[in-house]
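Worksheet: one structure, shown below.
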Amino acid sequence: MRALVVHRHGSIDAVQLEEFPEPRPHAGEVLIDVHAASVNFPDLLVIGGTYQRLPPTPFVPGKDLAGTVAAVGSAVSRVRPDDRVMAQVEHGAFAERAVAAEAVCHRMPDSMSFADAAAMGLAYLTAHFALVERAQVSRGEVVLVTGAAGGVGLAAVQIAKALGATVVATVSSEGKAAIARASGADHVVYTNIPDLREGLRTQVHAAIGKRGADVIIDSVGGDLFDASLRAIAWCGRLIVVGFADGRVPEIKAGYVLVKNISVIGLQSSDYRDREPEKVQRVQQELFELYVQGKLKPHVMARYPLSGFREALATVRDRRVLGKVVLEMRDDGTA
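Quick look at the structure:
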């Protein structure tokens, strides 16, 4: 089968398109004919060797996929051959075929395209767990979403809006602002300003009042994390989702004490390993919201598997709005 393969960790130049042995499903596993796979920022960390979980080389990267079931191993009962499924895996999605544990396979709604399913994947699960499981957002609360035009950011904007929150989105351009608003953001604040530390808080207060945001969903880190923290409300909750900026920020314990805030981490893949039944339930809730028209992944671009370098570079260079999808087939079925 054709697959993207990493023989040694490095830049996206370390990724090669080549023939790779087809995986076989063992007990409790599902073999999937992959139609679409989305590119996530953590994929670049895995390729570069800096992610918290790394497979041995050589390996096929990719965490989000959608396709049809080709075969199942023993003891599989939830899915069967020809079912349309999406799955989240630690690695292996960027190939024509992939194996996933039955517990992480989800049958897709009939109305959902493979591209939408792959784009929903990890981003929407992460956003849902951040907002519902960790932040426990209530209707009417104010949610500030950093990196709101990215995959997790747009997902958080849409889900927070579906939960009845007032959503403030941070963006760095007018184009990103338009997408955030179209996804449900009530207010947008800009990060491409001379004094981010003071300017972000000023914009947030102008939009929602000086109380600040009840919840911050941060997937960026770096200077934006520091600036966003100044816009949090008393007794607010800051959910740490990731560090797309590259710098892992630090927070002084005294600030946590003075403002009575909670700083809460989220490693969403741990739920997949520790509480797979909860992940199944959350994914069904996301599917229902999709069918109701309340959620819609924004697929910025689709690339054939041979165009993988441009797809990876788009995510690396932060040019992505929403998600980028790789299509494994030439028949237009994604």
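One rule links them: number in my numbering = place in the sequence shown (from 1) + 492. Idealized CB from N, CA, C, for every residue including glycine.
Which listed residue (PRO768, GLY645, GLU769, VAL707) has its alpha carbon closest to that of SER754
Cα-wise, what sits closest to SER754 is VAL707.
Consult DSSP for MET820 and reduce its assignment to one of helix, strand or coil.
coil
Can you find the residues in the same chain that come closer than 7 Å, C-beta to C-beta, to ALA610, ignoring five residues on each side of it along the sequence?
The residues are ALA528, ALA529, SER530, ASP556, LEU557, ALA558, MET578, VAL817.
Tell me the residue span of the beta strand (DSSP E) that contains LEU730.
724-732
For SER711, count neighbouring Cβ atoms within 10 angstroms of its own Cβ and tell me buried if that reaches 16, exposed if not.
Buried is the call here.
Can you tell me which of the three DSSP states TYR543 falls into?
coil
State the CB to CB distance for the pair ILE709 and THR658, rounded to an integer number of angstroms; the pair is presumed to be in contact (CB under 8 Å).
Not a contact, Cβ separation roughly 13 Å.
If you reduce the DSSP assignment to three classes, tell me which class VAL498 lands in.
strand
In terms of residue numbering, what span does the beta strand (DSSP E) encompassing VAL791 cover?
791-796
Helix, strand or coil at ASP556 [DSSP, three-state]
strand
I need the straight-line Cα distance from ARG589 to VAL635, nearest angstrom please.
39 Å
Counting Cβ pairs, one atom from each stretch, are 3 or more of them under 8 Å apart for the segment 665-676 and the segment 641-650?
Taking a contact to require three or more Cβ pairs closer than 8 Å, the segment 665-676 and the segment 641-650 qualify as touching.
Residue closest to GLY785, alpha-carbon to alpha-carbon, out of THR638, ALA793, MET604
MET604
Starting from GLU625, trace the alpha helix (DSSP H) in both directions and tell me its first and last residue.
Careful: GLU625 lies outside any alpha helix (DSSP H) and carries neither H nor E.
Per the DSSP calculation, ILE753 is bridged to which residue(s)?
ILE753 pairs with nothing; no bridge assigned.
From LEU496, ALA563, GLU510, residue whose alpha carbon lies closest to that of ALA519
ALA563
Which residue's Cα is closest to the Cα of PHE800: GLY502, ASN752, HIS501, GLN508?
GLN508
Distance, ASP765 Cα to GLU582 Cα
11 Å
Hey, would you say THR683 sits closer than 8 Å to LEU721, going by beta carbons?
no
Express the C-alpha separation of PHE533 and GLU633 in angstroms, rounding to a whole number.
29 Å
Report all residues from its chain with a CB closer than 7 Å to the CB of ALA805; omit the five preceding and five following residues, and keep chain order.
ILE504
CB contact flag (LEU797, ARG494, <8 Å)
yes
Where ASP765 sits in the DSSP three-state scheme:
helix
Using three-state DSSP, classify THR638 as helix, strand or coil.
coil
C-beta atoms of LEU655 and VAL680 nearer than 8 Å:
With contacts defined by Cβ atoms closer than 8 Å, LEU655 and VAL680 do not form a contacting pair.
Residue closest to GLY714, alpha-carbon to alpha-carbon, out of PHE735, LEU536, LYS702, ALA793
PHE735
Taking buried to mean at least 16 other C-beta atoms within 10 Å of its own C-beta, is PRO553 buried or exposed?
buried
Taking buried to mean at least 16 other C-beta atoms within 10 Å of its own C-beta, is GLU510 buried or exposed?
exposed
Would you mind listing the beta strand (DSSP E) stretches within the segment 642-668 that are 3+ residues and don't spill past its ends, in chain order?
658-663
ARG693, DSSP secondary structure in three states
helix
In the DSSP assignment, the beta strand (DSSP E) including MET578 goes from what residue to what residue?
Counting along the chain, the unbroken beta strand (DSSP E) around MET578 starts and ends at 576-580.
Rounding to the nearest angstrom, what Cα-Cα distance links ARG565 and GLU594 in this structure?
The sequence given here places Gly at residue 565; Arg does not occur at that position. Taking the straight line joining both Cα atoms gives about 9 Å.
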